[in-house]
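Participant: One structure, as structure tokens, below. Some questions next.
Protein chains in written order, with the working numbering: chain A, 51 to 185; chain B, 2 to 221.
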């Protein structure tokens with residue numbers, strides 16, 4: 051069985067916590083806040099790539115209220131951008147000195163992977179010495 | 002009659018290889034448009050629909066028995082090769098209602114030759130309900146059409162405004178070739194199955210009075 055194939059809500063949250071360095075309770079990012087970030091990332095994905103959410107009848111968007119094994123209907127090739135969008139949205143509310151830069155980088159990766167072929171590089175996890183502040 | 006799984010899988014794979022980041026749902030959506038354009042413009046999907054022409058009845062509604070929707074009427078022809086002039090007066094996909102120009106005075110068993118295209122609903126997983134021969138026969142043109150139309154989408158990972166129009170042009174070339182092939186009944190070196198319009202001795206637009214034909218106007 052695959053370790054994490056980004057198939058369920060739980061797997062998205064798990065991968066996001068890995069990137070956020072938040073795998074040990076008590077969490078900095080609550081489950082609820084990450085679920086909101088996941089739902090928001092899916093909404094933004096819908097804006098950029100409506101073909102990700104095509105249904106035979108009607109117009110609806112998946113959203114999730116619990117961390118569970120519920121399936122997230124995103125095709126394989128676009129699952130990683132959703133993780134980056136989730137992480138970006140979660141980081142945007144952080145007030146430490148690094149995350150805004152990283153949040154913007156993840157947001158750019160998310161959007162670029164949906165709208166172009168290559169992803170932008172991620173910002174470093176800690177500030178570069180003598181680098182000008184971006185905040 | 003529907004598209005075979007192995008043909009569909011190959012077509013989808015070929016398209017995905019050329020369209021990085023494209024969704025299968027998006028490809029299937031464009032596939033419907035491309036197949037509709039191909040079949041509508043090439044007149045390659047034909048069906049002979051049996052009809053019973055009754056006395057003094059000029060209006061008939063016909064429905065394809067082998068899938069698809071009627072796009073245009075080619076001719077109404079009986080077992081003796083006599084063509085009955087008529088025209089379509091209403092389209093109710095997948096059916097059509099046509100009007101015989103001249104009423105008959107006795108029952109006639111005839112066939113309406115129609116050209117069709119695909120129609121909703123789709124098959125399972127949004128796959129268009131197209132004829133089984135379409136992909137094996139014209140795969141490279143259908144594929145070029147799908148890829149080209151998707152490349153012309155704006156702000157997508159697979160957008161390619163340079164190669165998109167080139168691929169769409171390949172689709173249009175394929176449609177022109179298929180239309181000629183169908184017109185010549187897929188015969189090698191065969192001529193079109195009807196004479197040019199000015200030389201025809203019968204047509205759908207009148208001139209042959211079927212109720213009381215005279216030898217000079219039969220022409221068949």
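Beta carbons are placed, not taken as given, at the ideal position from N, Cα and C, and that holds for glycine.
(1) Scan the segment 123–136 of chain B for residues whose Cβ lies nearer than 8 Å to a Cβ of chain A and list them as they occur along the chain.
(2) At the 7 Å Cβ level, is residue 166 of chain A part of the contact set with chain B, yes or no?
(3) So residue 19 of chain B is in the alpha helix (DSSP H); what residue range does that whole segment cover?
(4) Per DSSP, residue 48 of chain B forms a beta bridge with which residues?
(5) For residue 101 of chain B and residue 54 of chain B, which I take to be in contact (beta-carbon distance under 8 Å), what is that distance rounded to the nearest angstrom?
(6) So which residues of chain A does residue 25 of chain B contact, with C-beta pairs closer than 7 Å?
(7) Let me check understanding here. Comparing Cα to Cα, which of A/133, A/76, A/104 lies closest to residue 25 of chain B?
(8) Short check: CB of residue 151 of chain B to CB of residue 20 of chain B, under 7 Å?
(9) If you measure from the beta carbon of residue 146 of chain B to each beta carbon in chain A, is any gap under 7 Å?
(10) Inspect the CB distances between the segment 68–83 of chain B and the segment 174–182 of chain B and report whether three or more fall short of 8 Å.
(11) Hey, does residue 102 of chain A have any beta-carbon neighbour from chain B nearer than 7 Å?
(12) What does residue 106 of chain A touch in chain B if you count any residue whose Cβ is under 7 Å from its own?
(13) Just the Cα atoms here: how many angstroms apart are residue 77 of chain A and residue 127 of chain A?
(14) Residue 45 of chain B: buried (16+ other C-beta within 10 angstroms of its C-beta) or exposed?
(15) Report the option in A/115, A/100, A/87 whose CA atom is closest to the CA atom of residue 109 of chain A.
(16) Would you say residue 165 of chain B reaches chain A, if we count a Cβ-Cβ gap shorter than 7 Å as a contact?
(17) At a CB distance below 8 Å, what residues from the segment 127–139 of chain A approach chain B? Give them in sequence order.
(18) Which ranges does the alpha helix (DSSP H) cover as unbroken runs of at least 4 residues, wholly within the segment 89–175 of chain A, from first to last along the chain?
(19) If you draw a straight line from the C-alpha of residue 13 of chain B to the C-alpha of residue 103 of chain B, how long is it?
(20) Using the rule of at least 16 other Cβ atoms within 10 Å of the residue's Cβ for burial, across every protein chain shown, is residue 18 of chain B buried or exposed?
(21) To the nearest angstrom, report how far apart residue 102 of chain A and residue 132 of chain A are at their CA atoms.
(22) Looking at chain A, is there any beta carbon in it that lies within less than 7 Å of the beta carbon of residue 156 of chain B?
(23) Thinking C-beta only, is residue 190 of chain B closer than 7 Å to residue 142 of chain B?
(24) With distance defined between alpha-carbon atoms, name the residue in B/47, B/136, B/89, B/8 nearest to residue 65 of chain B.
(25) 7 Å is my cut-off, CB to CB: does residue 22 of chain B come that close to chain A?
(26) The alpha helix (DSSP H) spanning residue 62 of chain A covers which residue range?
(27) Taking 6 Å as the cut-off, is the CB of residue 160 of chain A close to at least one heavy atom of the ligand ADP?
(28) Just reading off the alpha helix (DSSP H) that residue 37 of chain B is part of, what are its end residues?
(29) With a CB to CB cut of under 7 Å and the five nearest residues on each side skipped, what residues in its chain are close to residue 90 of chain A?
(30) Could you give the DSSP three-state label for residue 166 of chain B: helix, strand or coil?
(31) What residue range is occupied by the uninterrupted alpha helix (DSSP H) comprising residue 145 of chain B?
(32) DSSP on residue 172 of chain B, reduced to helix/strand/coil?
(33) Under a Cβ-count criterion, where at least 16 other Cβ atoms within 10 Å of its own Cβ denotes burial, should residue 163 of chain A be classed as buried or exposed?
(34) Once DSSP output is grouped into helix, strand and coil, what is the label at residue 96 of chain B?
(35) For residue 113 of chain B and residue 99 of chain B, which I take to be in contact (beta-carbon distance under 8 Å), what is that distance rounded to the nearest angstrom?
Facilitator: Short version:
(1) 123, 127
(2) Along the first chain, one-based indexing puts residue 166 of chain A at 116. By this cut-off, residue 166 of chain A is an interface position.
(3) The residue given as residue 19 of chain B occupies position 18 in the second chain. Run containing residue 19 of chain B: 6–19, per the alpha helix (DSSP H) assignment.
(4) Here residue 48 of chain B refers to the residue found at position 47 of the second chain. Note: residue 48 of chain B sits in a beta bridge opposite B/115.
(5) Walking along the second chain from the start, residue 101 of chain B turns up at place 100. Walking along the second chain from the start, residue 54 of chain B turns up at place 53. Contact between residue 101 of chain B and residue 54 of chain B holds: their C-beta atoms lie close to 7 Å from each other, under 8 Å.
(6) Along the second chain, one-based indexing puts residue 25 of chain B at 24. Within 7 Å Cβ-Cβ: 125.
(7) For this step, residue 25 of chain B is matched to residue 24 along the second chain. Here the closest residue by C-alpha is A/104.
(8) In the second chain, residue 151 of chain B corresponds to position 150, counting from 1. In the second chain, residue 20 of chain B corresponds to position 19, counting from 1. Using a Cβ distance threshold of 7 Å, residue 151 of chain B and residue 20 of chain B count as a contacting pair.
(9) The residue labelled residue 146 of chain B in the question sits at position 145 within the second chain. Residue 146 of chain B does not count as touching chain A.
(10) no
(11) Start at 1 with the first residue of the first chain, and residue 102 of chain A comes out as number 52. Yes, contact with chain B.
(12) Within the first chain, residue 106 of chain A is the residue found at index 56, counting from 1. Within 7 Å Cβ-Cβ: 127.
(13) Within the first chain, residue 77 of chain A is the residue found at index 27, counting from 1. Within the first chain, residue 127 of chain A is the residue found at index 77, counting from 1. If I take the Cα positions, the gap works out to 29 Å.
(14) Position 44 of the second chain, counted from the start, is the residue given in the question as residue 45 of chain B. Looking at its Cβ environment, which holds 16 or more other Cβ atoms inside 10 Å, residue 45 of chain B is buried.
(15) Stepping through the first chain from its first residue, residue 109 of chain A is reached at position 59. Check the Cα spacing between residue 109 of chain A and each of A/115, A/100, A/87: the tightest is with A/100.
(16) As a working mapping, residue 165 of chain B is identified with position 164 in the second chain. Cβ-Cβ to chain A under 7 Å: no for residue 165 of chain B.
(17) 127, 128
(18) 129–142, 149–165
(19) Translated into positions along the second chain, residue 13 of chain B becomes position 12. Translated into positions along the second chain, residue 103 of chain B becomes position 102. Their Cα atoms are separated by approximately 49 Å.
(20) Taking the second chain and counting its residues from 1, the one referred to as residue 18 of chain B is at position 17. By the 10 Å Cβ count, residue 18 of chain B comes out exposed.
(21) Here the question's residue 102 of chain A lines up with position 52 in the first chain. Here the question's residue 132 of chain A lines up with position 82 in the first chain. Near 11 Å, if we compare the C-alpha coordinates of residue 132 of chain A and residue 102 of chain A.
(22) What you label residue 156 of chain B is simply residue 155 of the second chain in a count that begins at 1. So, interface residue.
(23) The count along the second chain starts at 1 and reaches residue 142 of chain B at position 141. The count along the second chain starts at 1 and reaches residue 190 of chain B at position 189. In this structure, residue 190 of chain B does not lie closer than 7 Å to residue 142 of chain B by Cβ.
(24) Locating residue 65 of chain B in the second chain gives position 64, counting from the first residue. The option with the nearest alpha carbon to residue 65 of chain B is B/47.
(25) Walking along the second chain from the start, residue 22 of chain B turns up at place 21. For residue 22 of chain B, the answer is yes, since a Cβ of chain A falls inside 7 Å of its Cβ.
(26) Position 12 of the first chain, counted from the first residue, corresponds to residue 62 of chain A. First-last of the alpha helix (DSSP H) with residue 62 of chain A: 59–69.
(27) With respect to small molecules bound, the structure shown includes none, and the ligand ADP cannot be examined in it.
(28) Taking the first residue of the second chain as 1, we reach residue 37 of chain B at position 36. Where residue 37 of chain B is concerned, the enclosing alpha helix (DSSP H) stretches over 25–43.
(29) To locate residue 90 of chain A, count along the first chain from 1; it is residue 40. The answer, listed in chain order, is 139.
(30) Within the second chain, the letter at position 165 stands for residue 166 of chain B. Residue state, collapsed to three classes: helix.
(31) As a working note, residue 145 of chain B is residue 144 in the second chain. Unbroken alpha helix (DSSP H) run through residue 145 of chain B: 135–152.
(32) For the purposes of this step, residue 172 of chain B is taken as the residue at position 171 of the second chain. In the structure shown, residue 172 of chain B sits in a helix (DSSP, three-state: H, G or I).
(33) Counting from 1 along the first chain, the entry for residue 163 of chain A is found at position 113. The residue is buried, with at least 16 neighbouring Cβ atoms inside 10 Å.
(34) Walking along the second chain from the start, residue 96 of chain B turns up at place 95. The answer is strand: DSSP assigns residue 96 of chain B an E or B state.
(35) The residue given as residue 113 of chain B occupies position 112 in the second chain. The residue given as residue 99 of chain B occupies position 98 in the second chain. That pair is a contact at about 7 Å.
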